[in-house]
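For reference, each letter of the sequence shown is one residue, going -16 to 458 in the numbering used here.
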Amino acid sequence: MTKSYTSLSEIKSEIASGEITVEKLVKGYLDKISANTRLNAFNEVFEQEALICAQNVDSRIKQGIAGKLAGMVIAIKDNICYKGHKVSASSKILDNFTSVYSSTIVERLLAEDAVIIGRCNCDEFAMGASNENSYFGAVKNFADESRVPGGSSGGSAVAVQAGMCHAAIGTDTGGSVRQPASFCGLVGLKPTYGRISRHGIIAYASSFDQVGPITRSIEDAALLLEIMAGPDEYDSTLADNAVPSYLPDNNKPESIKKIAYLQEAVSSPGVDSEVKSNLVQYIDKLRNAGHIVKPIAFELLDFLVPTYYILAMAEASSNLSRYDGVHIGYRSPAAVDLLSTYKNSRSEGFGKEVKRRIMLGTFVLSAGYYDAYFAKAQKVRRMIREKTDAILKEYDFILIPTAPEPAFPIGRKEKDPVVTYLADIFTVQASLSGVPAISLPTGNNSKGLPLGLQLLTRHFEEKELLNFSEYFLGL
Ligand code: GLN
């Protein structure tokens, strides 16, 4: 059995000393995957291909020409295109669809000799926070199999958590990398909007969608960010900011840092008591280490979730209009003319939550309601961003929980979807503002369930964020 390595550098030193080969590593992960199929983390495993790829990497290592990710075996969320491989977004409407090109990030990872071991289960079209909205069924949390792993990148998180690969790549529109990372005891990074190319990523809400790594260490998150980041002629939203080396230095910060935390996170009855005490514990640790940590009130707090959902649904309704039963994906057997092709293919192909969002998104964009909802939400988003930027002018970081409670039981059906949406309260601020945010594993609660805290910082300051995160976890 393959042991779990915390970082790629550990793997690399064992490869160098001859204790392990990439092929052996892949075999070990494949064994773990077959022993854990009940977790439902993978939609497909690329067994033969991963083994062949591993042999190639081994020979490149021997020749001394291997890339920076040699020894890194990763899984990708099933909304990331990889040429010649199926991609489904965990939806019936894309079942059996094969990618015709690779996403930029897949190309960059492979160019540095990563091995891609499979594609992971997720909420359908990345819409959800529990991985229960998947056409392929729920994913189980390895820490407690009666509970969700979070979502939407739930399969990706469990693949790393249960040792079925070394790291995973997810996407984060409103928390989908950070929240599952926190539910599974891992590091989850959402970079600044405009840092990593989305070319070849199945679009959900394009003004939010970001790619991010799910790892066991800050070091690996930094390395994966470094390789995936930077301009791409196929994604015009990318910034030209140079990509630095993101590797953390593990030193105590040179200066005293100013950190703001949300007052509500420690006072609101809606936040689980052990989540609160975990936050308080870290606030104390930071203060004891000499940093300035102050509570702030974010007066737009109540507007975060509604603003996010109005905009995300509007964008989703537009992005998902391409699944029409004609060009790509599923076509209903009951399609006889154009209208029945559209109607039946979409009605049968999309799941319930996706349909709800397409309908609500279409509603807020409709002529009579555009100004009242969509245009208003755009204005509120600007205010949220300005307020967040203002806080980050005064403070170096914002510290908040990643989620108001730890992993909850599978099947806990809320009657009102709004209750589910409200649980995204702490993750959507960074998504609405575009700033980078990282979820850090900060221990377990009394039931052994992982807890996570989140740090946010200024646009494009991932280097500072990762450095401080490394220090933070060592406190
Ligand atoms: N839970 C949020 C939603 O359902 C975020 C999902 C995501 O980041 N993809 O939209």
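Idealized CB from N, CA, C, for every residue including glycine. Quantities reported herein were computed from a predicted structural model and do not represent experimental measurements.
Spatial neighbours of residue i within its chain, please: C-beta separation below 8 Å, excluding the five flanking residues on both sides.
i: S(-8); result: E202
i: V263; result: V249
i: V226; result: E209, A212 and G213
i: I367; result: L283, F286, L287, T290, Q412, L415 and S416
i: S429; result: E257
i: V254; result: E247, A248, P384, P387 and E388
Pull up the CB-CB distance for residue i and residue j, whole angstroms please, since I reckon it's below 8 Å.
i: F443; j: A222; result: 7 Å
i: E445; j: T87; result: Not really, about 18 Å apart at Cβ, beyond 8 Å.
i: M296; j: V347; result: 7 Å
i: I99; j: I59; result: 6 Å
i: T220; j: G171; result: About 21 Å; that fails the 8 Å criterion.
i: I57; j: L92; result: 7 Å
i: G334; j: Y118; result: 6 Å
i: A126; j: G394; result: With 8 Å as the limit, A126 and G394 do not qualify as a contact, their Cβ atoms being about 17 Å apart.
i: L415; j: L207; result: Not a contact, Cβ separation roughly 24 Å.
i: S139; j: G153; result: 4 Å
i: M26; j: N104; result: According to the sequence provided, residue 26 is Asn. The question's Met does not apply to it. So it is a contact: roughly 5 Å between Cβ atoms.
i: A24; j: M147; result: 6 Å
i: A318; j: G308; result: 6 Å
If you draw a straight line from the alpha carbon of residue i to that of residue j, how long is it in whole angstroms?
i: S113; j: D379; result: 31 Å
i: A142; j: P252; result: 33 Å
i: S330; j: K75; result: 11 Å
i: A145; j: G134; result: 16 Å
i: R161; j: D155; result: 7 Å
i: H274; j: L439; result: 16 Å
i: M211; j: G195; result: 9 Å
i: Q361; j: N234; result: 40 Å
i: K241; j: R130; result: 36 Å
i: P384; j: Y265; result: 11 Å
i: L169; j: L456; result: 12 Å
i: Y356; j: I293; result: 7 Å
i: M55; j: A150; result: 7 Å
i: I408; j: V401; result: 11 Å
i: S342; j: N327; result: First, the amino acid is wrong: residue 342 is Met here, not Ser. If I take the Cα positions, the gap works out to 15 Å.
i: T(-11); j: R199; result: 5 Å
i: L22; j: Y229; result: 33 Å
i: E453; j: D192; result: 25 Å
i: S0; j: Y325; result: 59 Å
Starting from residue i and walking both ways along the beta strand (DSSP E), at which residues does that stretch end?
i: N261; result: Run containing N261: none in the beta strand (DSSP E); it sits in the alpha helix (DSSP H), S256 to N271.
i: F443; result: No beta strand (DSSP E) contains F443, which DSSP labels as neither H nor E.
i: K338; result: That residue, K338, is in no beta strand (DSSP E); its alpha helix (DSSP H) goes K335 to L348.
i: T425; result: A420 to N427
i: P278; result: I275 to I279
i: I57; result: V56 to K60
i: V491; result: Outside the modelled stretch of the chain, which goes from -16 to 458, sits residue 491, for which no answer is possible.
i: R102; result: V98 to C103
i: P196; result: Q193 to T198
i: L415; result: L415 -> not in any beta strand (DSSP E); alpha helix (DSSP H) instead, spanning V411 to S416.
i: A243; result: K241 to L245
Spatial neighbours of residue i within its chain, please: C-beta separation below 7 Å, excluding the five flanking residues on both sides.
i: A406; result: A112, A386 and P387
i: P278; result: Y244 and Q246
i: D96; result: V40, R43, A49, G50, L52 and A53
i: N450; result: P231 and D232
i: G426; result: N261 and L434
i: H182; result: S86, T87, D215, Y217 and D218
Taking 6 Å as the limit between beta carbons, can you name the residues of its chain near residue i, skipping five residues before and five after?
i: A72; result: N62, F108 and I185
i: L77; result: S71 and G312
i: E397; result: T403
i: R89; result: The sequence given here has Val at residue 89, not Arg. If we look at V89 and ignore the five residues flanking it on each side, its Cβ neighbours are Y65.
i: A299; result: Y187, A188, R340 and G344
i: I179; result: V194, M211 and A212
i: S323; result: none
Go to residue i, then tell me how far its alpha helix (DSSP H) extends in each direction, as first and last residue.
i: T371; result: K359 to E377
i: L22; result: Run containing L22: none; DSSP gives neither H nor E here.
i: I201; result: I201 to M211
i: C148; result: Neither: C148 is in no alpha helix (DSSP H) and is coded neither H nor E.
i: I88; result: T87 to A94
i: C36; result: E30 to Q46
i: I383; result: Per DSSP, I383 belongs to no alpha helix (DSSP H); it is in the beta strand (DSSP E), F380 to P384.
i: T220; result: Per DSSP, T220 belongs to no alpha helix (DSSP H) and is neither H nor E.
i: G491; result: In the structure as shown, the chain starts at -16 and stops at 458, and residue 491 therefore has no counterpart that could be examined.
i: T324; result: L321 to G332
i: V402; result: P400 to L405
i: P289; result: L284 to N302
Between the segment 119 to 139 and the segment -7 to 6, can you find at least three pairs of beta-carbon atoms closer than 8 Å? Under the three-pair Cβ rule at 8 Å, the segment -7 to 6 does not count as touching the segment 119 to 139.
At a cut of 8 Å, does the segment 414 to 433 reach the segment 157 to 172 through at least three beta carbon pairs? Contact between the segment 414 to 433 and the segment 157 to 172 is present, with at least three C-beta pairs closer than 8 Å.
Counting Cβ pairs closer than 8 Å, one from the segment 363 to 378 and one from the segment 278 to 287, do we hit at least three? Note that the segment 363 to 378 touches the segment 278 to 287; at least 3 beta-carbon pairs, one per stretch, sit closer than 8 Å.
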